[in-house]
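**Q**
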Amino acid sequence: MKYELNGISFPFGGISWDNKTTAKDRFRYLLLYLESKRILVNPLCMEQKQQCIESVLEIKHVLVEITKDVDFNDKDTDVVRSLISACNTYLDAVPSETASQLIFHDGERWADVVFDGAMEEFRKAFALGIRRLEIRYGLSFRSQIHGAE
């Protein structure tokens, strides 16, 4: 976080700071974080449902955390909400009772139709949200989101 000294008081002492972290700073961090998430950028030939579920839960947590202590305008908040919604939709679609299963990639699609649809919608929503942030803030997402074409 960026802080700027805005005052010192005497005789009892005290220093006050202003948080200078901007929405752009938070979104820059978010894009770098998302580049590290295999569920978005790593085209493996198999996935374990439980690991995907955990990854989506981690992403959802980070999406909420980036909004702390920063004034987001309505457009910024809408992007974050749309990404949280994509996480929720994915988590609703992928049943956790079969989470230990391995899912194999069969050519262009995943062998599990429900998983395939959930992954496709999740990745498309993130590709769209990331694109909006790139355009709005001049940021760059350097990885390719697989299956979002």
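Each residue of the sequence shown is one higher than the one before, starting from 11 at the first, in the numbering used here. All C-beta atoms in this analysis are idealised placements derived from N, C-alpha and C, irrespective of residue type, glycine included.
So, does the stretch 87 to 94 touch the stretch 117 to 126, judging by three or more C-beta pairs under 8 Å?
**A** These segments do not touch.
**Q** Run through the stretch 103 to 131 for me and flag every whole beta strand (DSSP E) of 3 or more residues, listed as ranges in chain order.
**A** Runs of the beta strand (DSSP E) inside the stretch 103 to 131: 112 to 116.
**Q** Relative to the alpha-carbon of residue 70, which residue among 81, 99 and 148 has its alpha-carbon at the smallest distance?
**A** For the residues 81, 99 and 148, the minimum Cα distance to residue 70 belongs to 99.
**Q** With residue 58 as the anchor, note down where its beta strand (DSSP E) starts and where it stops.
**A** That run of the beta strand (DSSP E) goes 56 to 58.
**Q** Compare the Cα-Cα distances from residue 114 to each of 72, 64 and 58 and report the closest residue.
**A** Closest option to residue 114, Cα to Cα, is 58.
**Q** Taking Cβ to Cβ, would you say residue 104 is nearer than 8 Å to residue 63?
**A** Against a cut-off of 8 Å, the Cβ pair of residue 63 and residue 104 comes out as a contact.
**Q** I'd like to know whether the C-beta atoms of residue 80 and residue 154 end up nearer to each other than 8 Å.
**A** No.
**Q** Can you give the Cα-Cα distance for residue 86 and residue 37, rounded to whole angstroms?
**A** One C-alpha to the other measures close to 9 Å.
**Q** Below 8 Å on the Cβ atoms is my guess for residue 124 versus residue 101; work out the distance and round it to an integer in Å.
**A** That pair is no contact at about 13 Å.
**Q** For the alpha helix (DSSP H) containing residue 149, name the first residue and the last one.
**A** Per DSSP, residue 149 belongs to no alpha helix (DSSP H) and is neither H nor E.
**Q** Would the beta-carbon of residue 147 fall within 8 Å of that of residue 30?
**A** Going by C-beta atoms, residue 147 is not nearer than 8 Å to residue 30.
**Q** Check each candidate in 111, 116, 156 and 140 and name the one with the smallest Cα separation from residue 61.
**A** Of 111, 116, 156 and 140, the residue nearest in Cα terms is 111.
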